[in-house]
Amino acid sequence: MKPLRIGNFSGFYGDRSDALREMLTGGEVDVLTGDYLAELTMLILARDRLKDPSAGYARTFPRRLEDCLGLAHERGVRIVTNAGGLNPAGLAGEIRRLADRLGIPVRVAHVEGDDLTAAYPGTLAAHAYLGGFGIAECLRAGADVVVTGRVTDAALVTGPAAAHFGWRPDDHDRLAGAVAAGHVLECGTQATGGNYAFFGEGDVRRPGFPLAEIHADGSSVITKHPGTGGFVDVGTVTAQLLYETGGARYAGPDVTARLDTVRLVQEGPDRVRIEGVRGEAPPPTLKVGLNRLGGFRNEVVFVLTGLDIEAKAALVREQLADALAKSPPGEVRWELVRTDRADADTEETASALLRLVVRDPDQQVVGRALSGAAVELALASYPGFHVLAPPGKGSPYGVFEDVYVPHVGTPHVAATHESAPGVDTVPTAHVPTAPVSVSHVAVLHDGRRVPVPPPRETRPLAVVPDPPLPEPLPPGPTRRAPLGLVVGARSGDKGGNANVGVWARSEDAWRWLAHTLTADTFRRLIPESRDLPVTRHLLPNLRAVNFVVEGILGAGVAAQARFDPQAKALGEWLRSRHLDIPEALL
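Following our numbering from start to finish, the sequence shown increments by one per residue and tops out at 571.
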């Protein structure tokens, strides 16, 4: 059977606006997927919905579609997207109105059942991560465009593949192969050289978007349209497979994919085959992402220039101590970032940054009183006093949590929060009495509602024991050098946790990496992880180790708890750290 060619045109809400047209005109493709949702995006859409109940979906998607809907229809390309966000029915209706206005006979379906917000009072959005069989139901019924809310990112690929090849829910190996392909595609150009550790090995000024040629057995080839920028090799695919994952078992609502079984083969220029992926029955529960208002934050960044940086920072802290003591915020964080250099030839490189961040459930506590105290120092503090931007009145920040509920049918009680907060206060957590149950429904283009049954078989998750270590390298001379000279890394966020996937590009480098980069070594190289749980997972087929650092991101990206709130650059920081590396590898 001919492979199904599934491409991606969006990896996040805000991705390249002309990607849909580029993918439709650049080569052969059967299905195009657009991934718009992330933990932070759900909070953004929830705040949109507070202002306008008819909102809650990615408003940029219809604008993209207006330019390309006719072209997709002419070429018989189906479009599957989670741009529906919190309101997939609303987006589906807008697409129908667009198609009527343009005179294009397009059948639009949507998937719903993920929205559990009513069961979690006090949250702005609570949504279950659904699988791909609702999408498959819509496509089998003839939909040209399928809109979803919160499904797993890989479901945008498993759904079309299941529909095309007739896969059943117990085709675990085939589904797991599609999950691997979907995970590679989901972040768009991150699979074609974007955000890649060894970006200098190709022209990544404008990477093309990726596509997967999926076969009936679940294997696939990751590639891109001819003539587009960037590149696809075993390294770019490895990096994306490690992104935002953990151990050997990658769990989802349709299947648990065994990442330790993935085999990658460079089949040709810009062609990487993914094969051998084994699958297991999915876990008995679904993940539910909860987004709520966490409180209010304010920030001031003082610029300290030239001499006596430490003394200047101490003066500012002493001067603001009284203002902070009058109405103490729940959290006060000072950070001195030494970006300054001695005898610098520009004022900017002679300057350091002193960052003050305050948080509290009460907006007044972090608002004008603090802002006024900071501004009043303008003529009464250290020499050269200025700030990067005037402080404001305090802005809301979000908190992401996850809980797990049964697939369907069995009521479940989960932790949540009090009734919706007022304008300037935030509630505290408590345990509700309301049961929670998920109902996955495909709403077909003709209006019929088709329930999507839960998996017949489930399997509780268990940690896969680490495989044996490879033989260590023989002793030899070493040199102190950056880790990144011999390994790549990619990092990302899952709620308050971060993962850092590190892979070697040769068998000898893997033998050294597996023995050297332990969890203890990681803690030493990344000091802010020293008091946190750090788990290392070995993935020999990928020549990779994957670290999960719990709690390093606080309450998640929306809480902005650290300088890099999504841990996007944590892997690059690790690569910059120095170790004693065998000279044979350098």
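No residue lacks a Cβ here, since even glycine has one placed at the ideal position from N, Cα and C.
Leaving out the 5 sequence neighbours to the left and right, which residues in its chain are closer than 6 Å to residue i when beta-carbon positions are compared?
i      : result
His522 : Gly232 and Asn531
Pro518 : Glu535
Asp189 : The amino acid at residue 189 is misidentified as Asp; the sequence shows Val. Counting only Cβ-Cβ distances below 6 Å, and skipping sequence neighbours, we find Gly178 and Gly215.
Leu555 : Ser476, Ala483 and Val485
Pro525 : Pro452
Ala126 : Leu429
Thr578 : Outside the shown range of the chain, which is -14 to 571, sits residue 578, and nothing can be said about it.
Ala489 : Val472, Trp495, Leu498 and Arg528
Can you check which of these residues, the options, is closest to residue i by C-alpha distance?
i        : options                           : result
Ser514   : Thr520, Ser422, Ile537 and Leu498 : Ile537
Lys(-13) : Tyr21, Ala499 and Val14           : Val14
Arg48    : Gly481, Glu24, Arg6 and Gly88     : Arg6
Ser380   : Pro38, Arg344, Glu186 and Val250  : Arg344
Leu571   : Pro550, Pro518 and Asp493         : Asp493
Val428   : Val286, Tyr228, Val247 and Glu97  : Glu97
Leu71    : Pro90, Val91, Val206 and Ala110   : Ala110
Pro368   : Gly12, Leu300, Pro145 and Asp129  : Leu300
Ser204   : Ala146, Arg353, Pro550 and Glu557 : Ala146
Gln251   : Ala126, Thr221 and Arg263         : Thr221
Leu30    : Leu289, Gly69 and Ile64           : Gly69
Ala128   : Gly41, Val219, Pro195 and Val65   : Val65
Pro440   : Pro452, Asn276, Gly237 and Ala365 : Gly237
Val423   : Pro436, Gly432 and Asp0           : Pro436
Glu24    : Thr520, Gln551, Ala569 and Asp307 : Gln551
Val533   : Pro525, Thr102 and Asp505         : Asp505
Gly253   : Val217, Arg234 and Glu557         : Val217
Asp245   : Gly162, Arg302, Val285 and Phe194 : Gly162
Count the other C-beta atoms from every protein chain shown that fall within 10 angstroms of the C-beta of residue i, then say buried if there are 16 or more, exposed otherwise.
i       : result
Ala121  : buried
Lys378  : exposed
His210  : buried
Ser(-5) : buried
Asp516  : exposed
Asp478  : buried
Leu50   : buried
Leu76   : buried
His200  : buried
Glu320  : exposed
His500  : exposed
Glu171  : buried
Arg159  : buried
Ala327  : exposed
Ser336  : buried
Lys36   : exposed
Leu87   : exposed
Glu186  : exposed
Arg248  : exposed
Asp293  : exposed
Val448  : exposed
Ala140  : buried
Asp52   : exposed
Glu456  : exposed
Thr334  : exposed
Can you name, in chain order, every residue of its own chain whose Cβ lies under 7 Å from the Cβ of residue i, other than the five neighbours on each side?
i      : result
Arg567 : For the sequence presented, residue 567 should be read as Pro rather than Arg. Leu458, Gly461, Thr463 and Trp497.
Glu442 : Asp155 and Ala266
Val350 : Ser312 and Pro314
Leu510 : Leu559 and Arg562
Ala363 : Phe370
Ala298 : Leu289, Leu321 and Leu339
Pro192 : Thr174, Thr177, Gly178, Gly179, Gly214 and Gly215
Arg353 : Lys378
Gly81  : Note on residue identity: the sequence assigns Arg, not Gly, to residue 81. Taken in chain order, the residues that qualify are Val93.
Gly469 : Ala182, Arg560 and Ser561
Gly12  : His210 and Pro211
Round the Cβ separation of residue i and residue j to the nearest angstrom and send it over; I've been treating them as touching at under 8 Å.
i      : j      : result
Thr143 : Val164 : 6 Å
Gly134 : Asp99  : 5 Å
Gly481 : Gly541 : 5 Å
Val262 : Leu226 : So it is not a contact: roughly 10 Å between Cβ atoms.
Val206 : Arg256 : 5 Å
Thr270 : Pro391 : 6 Å
Gly473 : Phe184 : Not really, about 10 Å apart at Cβ, beyond 8 Å.
Report all residues from its chain with a CB closer than 8 Å to the CB of residue i; omit the five preceding and five following residues, and keep chain order.
i       : result
Pro375  : Ser356 and Val360
Glu229  : Gly477, Asp478, Lys479 and Asn484
Phe(-3) : Asp20, Tyr21, Ala23, Thr26, Cys172 and Gly173
Kindly say whether residue i, judged by its beta-carbon, lies nearer than 9 Å to any beta-carbon of chain D.
i      : result
Leu196 : This model lacks chain D altogether; it includes just one protein chain.
Exercise. Please go through the region 192 to 279 and give each complete beta strand (DSSP E) segment of 3 or more residues, from N-terminal end onward.
Key: The region 192 to 279 contains these whole beta strand (DSSP E) runs: 195 to 199, 205 to 209, 234 to 236, 241 to 243, 248 to 253, 256 to 260 and 263 to 265.
Practice problem: Output the residue ranges of the beta strand (DSSP E) runs that lie fully inside the region 129 to 171 and measure 3 residues or longer, sorted by chain position. | Solution: Taking only runs of at least 3 residues, the beta strand (DSSP E) segments lying wholly in the region 129 to 171 are 130 to 132.
Quiz prompt | Whole alpha helix (DSSP H) elements within the region 21 to 59, 4-residue minimum | solution = DSSP runs (the alpha helix (DSSP H)) wholly in the region 21 to 59: 24 to 36.
Practice problem: Starting from the N-terminal side, write out each stretch of the beta strand (DSSP E) that is 3 residues or longer and does not extend beyond the region 463 to 501. | Solution: Qualifying beta strand (DSSP E) stretches, in chain order: 463 to 467, 472 to 479 and 482 to 489.
Practice problem: Just list the beta strand (DSSP E) runs in the region 293 to 380, keeping only unbroken ones of 3 residues or longer that don't cross its boundaries, in chain order. | Solution: Complete beta strand (DSSP E) runs here, min 3: 316 to 322 and 336 to 345.
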